[in-house]
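Trainee:
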Amino acid sequence: MFLSVKCRSALALAVSCALQVQIAQAQGMPQVGSDWPFYGGDHNAQRFSPLKQITPANVGRLERAFVYHTRDLPNPGSRYSPETTPVKVGNDLLMCSAKNILISINAATGKENWRHDPGVPDQAIPHAAACRGVAVYTAPEIPESAQCRSRVVEATLDARLVAVDLRTGEPCKDFGQNGTVDLWEGLGKKVPGWYAVTAPPTIVNGVVVTGAQIRDGQDEDAPSGVIRGYDAVNGKMAWAWDLGNPENVHGPAEGSTYTRGTPNMWTAAVGDEQLGYVYLPISNSSIDYYGSNRSEEENKYSTSLVAVDVKTGKDVWHFQTIRHDVWDYDLGSQPTLLDFPDKDGKPVAAVLLPTKQGDIYILDRATGEPLVPIGEVKAPKGGSVEPQFLANTQPTSEWHTLRKAPKTEADMWGFSPLDQLMCRIQFRQANYEGYLTPPSVDRPWIQYPGYNGGSDWGSVAIDPVRRLLIANYNDIPNLNQLIPRVQADKLGLKPIYAPKVDETSLNKAGSKSGKGEGGASAYPQVNAPYAISVNAGWRNWGTGVPCSAPPYGGIRAISLDTGKTVWDEPLGTARRNGPFGIPSHLPLNIGLPNNGGTVVTAGGLTFVGAATDNLFRAIDTATGEVLWEDVLTAGAQANPISYEVDGEQYVLVSASGHAFMETGTSDEIIAYKLRK
Amino acid sequence: MNQRSSESRSNGRASAGHSGKWRLATVVLALALGAFGMALFGGGVWLMALGGSWYYTLTGAGCVITAVMLWRQRFGALYLFAVIWGLTLIWALWEVGLNWWGLVPRLVAITVILLLILAVSPSLRRAPRSAA
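As structure tokens, then:
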């Protein structure tokens, strides 16, 4: 029904399209092309559009088709990072705003069809208000004309699943309680903002699968990271995957909760309709930087990709990317499904997993066996407060890593010799033995790559035509230090559930941070012997200038056949950045922190905002050259999409800014098409 | 020079004001460079003690000496700083090559200082100076 893929000209594309169409027809899956039916494009989450009207030759004629305002803007003191990526079905774009207002607009005009506000309170906002996307599900068993045959499902910041009719936005009466399912059930005491969903749910074989982000670093006794599946029609819980207690598959016993403090899944999963598996990119435990109190089960599953059978709710296999994670190397990227050759060159159904460490893994979807060579690196232990807990070695991908060589003193930076000197002193004072230097308390340690990646929630895109993987990535160290409990108490570090005495926008219980959480912030890590201070991006004291030299982020094309880099360019210009937060207005390519991914089109273009320069740009997928850009009022920290209406190709991105990335605030969703 | 001497003969007051301004600029530059050099030197000694680069200590000392020479209105300040600048260029290229962003903290400030010294240099004394 959604099969309006354009497959023309290039033979390779025709063949690949024909194959895709065949497979999709066989499965009855909505197909990417005219539509963008899933958060990640197609059901494989390849972030690839087969559309090819917009090309490197004509992209200069790309201009705004419409700007839609969600009208969901922060109240004073609230932090917003909407990160919204709509889906497009038929003539409609379906999306959620930062505070979970479900919205349908006309995909050609931007005119609003309907909106449904589930009424999320400001209190429920975690680090920042975000809603990355929604899932659309069509229930074959419901009659064609009936309400909610096709429904839009989202999970909210205040931990509810919400389902509304695709055409009208009316809540689906058959789903949960009048269209809502309470996700707090079984989690224990309700603390707004601690347990909040920011990722789109994944619907596999009629089961809505969701995890949640659980505010990092509060308490070892935190809400469970349990992953749950719900019937997409009636909203009944199908299963719960509690990694700490498999007995909880149908919910915890009366009066108890799912296992507390366990690793969660805050990012998007990907579903495999054929195998009936959902691939869960699992994070680290609730206390990221201290591990000795963790359970065996936490150690087994943390920072792993876990395949769970959606029929039974049981895990089938898991692949761990870091053993005994003490670096907050959560799996942040939505995995991507693709076919990849095994040892004998025979293509097998595979899942590709980007990581914050930069390593890109490709695994057999059925077994979790790696299809690419896995290396082992020796992990340093010097300066650690828990050397016995640290793993001796850690896995790496020998197929491809985005990670670069360790930093040296000469990599320290600034705008003048003075601030550079300050950074060189900090470098020499810090504990640093390269990649995987463990947390230390006597002095700060350098964590590189920092917790923003490598790859984060923007994930990577696949160009099946050119056989390329397109990855935008961060390249930033953090400067962290454990804080002894006594000192943490003196600093007044309080967990999120503590009574809020002096709450302001800049000083919320839960963390002490400056504007944005870029720069210094501290988390209490209650029940661990240490709190944690994180200087994200290692910003220098006083000037705010990063201590490491640019680039801070790039975009890279990797050959799917060889795993080798085809091109690699810094992503982002210096126009908005400068010392003391003063924009330099320099149009020079510097390579900036970036969050949000790409959309790659068959027309040969890669569209990406992501960087903190607030530009949205089209890049030649073959060469990496920026061919077109548009200046935005706020940052486009969201994954763009591409779709077609009435024979015209559109590219759309939400440019709503991002609190953590310090790229302003807006409610704009911007669509582009070619000028006639 | 000739022109200026003739000016000074014809209008001693104006010339005193003019050279006074230059003198003031040189003093301000000397003070600023002195502070900058001492900060570099102090931090540089700290960095050396931590096992880091010696560049900042040496350059900091050079800047302080240059500042003293400027304070005394010595033309030699320009020569000394030109040498510091040249050595800095070599050091910068050795550390980061032609990496443009890497060269920014290493060369921009020091080049600006060189240009400022150049700007005040016409008012500096070439020692030993014969009476005008």
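Same order as they appear, the protein sequences are chains Z and G.
Residues in the first sequence are numbered consecutively from 289, following the numbering used here.
Residues in the second sequence are numbered consecutively from -16, following the numbering used here.
Heads up, the beta-carbon is just placed ideally off N, CA and C, and yes, glycines get one too.
None of these values were measured; they are calculated from a predicted model.
My output table needs one value for residue 538 of chain Z: the three-state DSSP class, helix, strand or coil.
Mentor: By one-based count along the first sequence, residue 538 of chain Z stands at place 250. Residue state, collapsed to three classes: helix.
Trainee: Just to confirm the assignment, what range does the alpha helix (DSSP H) spanning residue 384 of chain Z have?
Mentor: Your numbering for residue 384 of chain Z matches position 96 in the first sequence. Where residue 384 of chain Z is concerned, there is no enclosing alpha helix (DSSP H), although the beta strand (DSSP E) it sits in stretches over 380 to 384.
Trainee: Nearest by alpha-carbon distance to residue 39 of chain G: which of Z:820, Z:964 and Z:697 is it?
Mentor: As a first step, residue 39 of chain G is located in the second sequence; it is residue number 56 there, counting from the start. Ranking the options by Cα distance to residue 39 of chain G, first place goes to Z:697.
Trainee: What would DSSP say about residue 659 of chain Z, mapped onto helix, strand or coil?
Mentor: Translated into the one-based positions of the first sequence, residue 659 of chain Z becomes position 371. In this structure, residue 659 of chain Z counts as coil in the three-state DSSP scheme.
Trainee: Any beta-carbon of chain Z closer than 8 Å to the one on residue 36 of chain G?
Mentor: Here residue 36 of chain G refers to the residue found at position 53 of the second sequence. Residue 36 of chain G counts as touching chain Z.
Trainee: Count the C-beta pairs between the region 444 to 454 of chain Z and the region 462 to 481 of chain Z that are closer than 8 Å, then say yes if the count reaches three, no if not.
Mentor: Contact between the region 444 to 454 of chain Z and the region 462 to 481 of chain Z is present, because at least three Cβ pairs lie under 8 Å.
Trainee: Less than 8 Å between the C-beta atoms of residue 739 of chain Z and residue 395 of chain Z, yes or no?
Mentor: On the first sequence, residue 739 of chain Z is found 451 positions in, with the first residue counted as 1. On the first sequence, residue 395 of chain Z is found 107 positions in, with the first residue counted as 1. No. Outside cutoff.
Trainee: For residue 687 of chain Z and chain G, any beta-carbon pair shorter than 8 Å?
Mentor: The residue given as residue 687 of chain Z occupies position 399 in the first sequence. By this cut-off, residue 687 of chain Z is not an interface position.
Trainee: Listing by chain order, which chain Z residues have their CB less than 7 Å from the CB of residue 84 of chain G?
Mentor: As a first step, residue 84 of chain G must be located in the second sequence, where it is residue number 101. Correct list: 837, 838 and 878.
Trainee: For residue 737 of chain Z versus residue 645 of chain Z, is the C-beta distance shorter than 8 Å?
Mentor: Locating residue 737 of chain Z in the first sequence gives position 449, counting from the first residue. Locating residue 645 of chain Z in the first sequence gives position 357, counting from the first residue. Yes.
Trainee: Quick one: Cα of residue 351 of chain Z to Cα of residue 357 of chain Z, how far?
Mentor: Here residue 351 of chain Z refers to the residue found at position 63 of the first sequence. Here residue 357 of chain Z refers to the residue found at position 69 of the first sequence. For residue 351 of chain Z and residue 357 of chain Z, the distance between alpha carbons rounds to 18 Å.
Trainee: Compare the C-beta of residue 702 of chain Z against all C-beta atoms of chain G and say whether one is closer than 8 Å.
Mentor: Numbered from 1 along the first sequence, position 414 holds the residue referred to as residue 702 of chain Z. Cβ-Cβ to chain G under 8 Å: yes for residue 702 of chain Z.
Trainee: What does the alpha-carbon distance come out to for the pair residue 732 of chain Z and residue 70 of chain G?
Mentor: Against the first sequence, residue 732 of chain Z aligns to sequence position 444. Against the second sequence, residue 70 of chain G aligns to sequence position 87. Computed Cα separation, rounded: 33 Å.
Trainee: Output needed for residue 6 of chain G: all residues of its chain with C-beta closer than 8 Å, excluding positions within five of it in sequence on either side, in chain order.
Mentor: Numbered from 1 along the second sequence, position 23 holds the residue referred to as residue 6 of chain G. Closer than 8 Å at the Cβ level, and outside the excluded window around residue 6 of chain G, lie 56 and 106.
Trainee: Taking 8 Å as the CB-CB cut-off, is residue 73 of chain G touching chain Z?
Mentor: As a first step, residue 73 of chain G must be located in the second sequence, where it is residue number 90. Chain Z, which has no Cβ nearer than 8 Å to the Cβ of residue 73 of chain G, makes this no.
Trainee: Per the DSSP calculation, residue 749 of chain Z is bridged to which residue(s)?
Mentor: If you number the first sequence from 1, residue 749 of chain Z lands on position 461. Residue 749 of chain Z pairs with Z:758.
Trainee: Please confirm whether residue 717 of chain Z has its beta-carbon closer than 8 Å to some beta-carbon of chain G.
Mentor: As a position in the first sequence, residue 717 of chain Z is number 429, starting the count at 1. Yes - at least one Cβ of chain G is within 8 Å of the one on residue 717 of chain Z.
Trainee: Going by alpha carbons, who is nearest to residue 414 of chain Z out of Z:568, Z:368 and Z:558?
Mentor: On the first sequence, residue 414 of chain Z is found 126 positions in, with the first residue counted as 1. Here the closest residue by C-alpha is Z:368.
Trainee: Alpha helix (DSSP H) containing residue 88 of chain G: first to last residue?
Mentor: One-based indexing of the second sequence puts residue 88 of chain G at position 105. First-last of the alpha helix (DSSP H) with residue 88 of chain G: 83 to 103.
Trainee: Under 9 Å between beta-carbons, which chain G residues line up against residue 857 of chain Z? List them in chain order, please.
Mentor: Sequence index remark: in the first sequence, residue 857 of chain Z carries index 569 (1-based). Within 9 Å Cβ-Cβ: nothing; residue 857 of chain Z doesn't reach chain G, min ~14 Å.
Trainee: Here's a check: name, in chain order, each residue in its chain whose Cβ is nearer than 6 Å to the Cβ of residue 45 of chain G, leaving out the five neighbours to either side.
Mentor: Along the second sequence, one-based indexing puts residue 45 of chain G at 62. Only 67 meet the Cβ criterion.
Trainee: So, helix, strand or coil for residue 717 of chain Z, using DSSP?
Mentor: In the first sequence, residue 717 of chain Z corresponds to position 429, counting from 1. If DSSP states are grouped into helix, strand and coil, residue 717 of chain Z belongs with the helices.
Trainee: Measure from the alpha carbon of residue 481 of chain Z to the alpha carbon of each residue in Z:463, Z:506, Z:712 and Z:458, then state which is nearest.
Mentor: Your numbering for residue 481 of chain Z matches position 193 in the first sequence. Minimum Cα distance to residue 481 of chain Z is reached at Z:506.
Trainee: Residue 75 of chain G to residue 82 of chain G, Cα distance in whole Å?
Mentor: For the purposes of this step, residue 75 of chain G is taken as the residue at position 92 of the second sequence. For the purposes of this step, residue 82 of chain G is taken as the residue at position 99 of the second sequence. C-alpha separation (whole angstroms): 10 Å.
Trainee: Of all Cβ atoms in chain Z, is any one closer than 8 Å to the Cβ of residue 27 of chain G?
Mentor: By one-based count along the second sequence, residue 27 of chain G stands at place 44. Output row for residue 27 of chain G: interface = yes.
Trainee: Can you tell which of Z:922, Z:370, Z:824 and Z:648 has its C-alpha closest to the C-alpha of residue 385 of chain Z?
Mentor: Numbered from 1 along the first sequence, position 97 holds the residue referred to as residue 385 of chain Z. With distances taken between Cα atoms, residue 385 of chain Z lies closest to Z:370.
Trainee: Applying a beta-carbon distance threshold of less than 8 Å, which residues of chain G neighbour residue 697 of chain Z?
Mentor: To locate residue 697 of chain Z, count along the first sequence from 1; it is residue 409. Result: 35 and 36.
Trainee: Use the C-beta contact count for residue 661 of chain Z: other C-beta atoms within 10 angstroms, 16 or more gives buried, fewer gives exposed.
Mentor: Translated into the one-based positions of the first sequence, residue 661 of chain Z becomes position 373. Counting Cβ neighbours within 10 Å, residue 661 of chain Z comes out exposed, since fewer than 16 surround it.
Trainee: Taking the straight line between their C-alpha atoms, what separation do you get for residue 828 of chain Z and residue 508 of chain Z?
Mentor: For the purposes of this step, residue 828 of chain Z is taken as residue 540 along the first sequence, with counting starting at 1. For the purposes of this step, residue 508 of chain Z is taken as residue 220 along the first sequence, with counting starting at 1. Those two C-alpha atoms are separated by around 31 Å.
Trainee: Which residues share a DSSP beta bridge with residue 700 of chain Z?
Mentor: Your numbering for residue 700 of chain Z matches position 412 in the first sequence. Paired residue(s): Z:836.
Trainee: Count Cβ pairs between the region 857 to 873 of chain Z and the region 719 to 729 of chain Z that sit closer than 8 Å; are there 3 or more?
Mentor: At 8 Å Cβ cutoff, the stretches do not touch.
Trainee: Excluding the five sequence neighbours on either side, which residues of its own chain have a C-beta within less than 6 Å of the C-beta of residue 758 of chain Z, listed in chain order?
Mentor: Numbered from its first residue, the first sequence carries residue 758 of chain Z at position 470. Contacts found: 749, 845, 886, 888 and 894.
Trainee: Indicate whether at least one CB of chain Z lies closer than 8 Å to the CB of residue 70 of chain G.
Mentor: Taking the first residue of the second sequence as 1, we reach residue 70 of chain G at position 87. It does not: the Cβ of residue 70 of chain G has no partner Cβ on chain Z nearer than 8 Å.
Trainee: From residue 579 of chain Z to residue 501 of chain Z, what distance separates their C-alpha atoms?
Mentor: In the first sequence, counting from the first residue as 1, residue 579 of chain Z sits at position 291. In the first sequence, counting from the first residue as 1, residue 501 of chain Z sits at position 213. Straight-line Cα distance between these residues: approximately 19 Å.
Trainee: Under a three-way DSSP split, which group does residue 743 of chain Z fall into?
Mentor: To locate residue 743 of chain Z, count along the first sequence from 1; it is residue 455. Coil at residue 743 of chain Z, not helix or strand.
Trainee: Cα separation between residue 42 of chain G and residue 673 of chain Z?
Mentor: Within the second sequence, numbered from 1, the residue matching residue 42 of chain G stands at position 59. Within the first sequence, numbered from 1, the residue matching residue 673 of chain Z stands at position 385. Approximately 39 Å between the Cα atoms of the pair.
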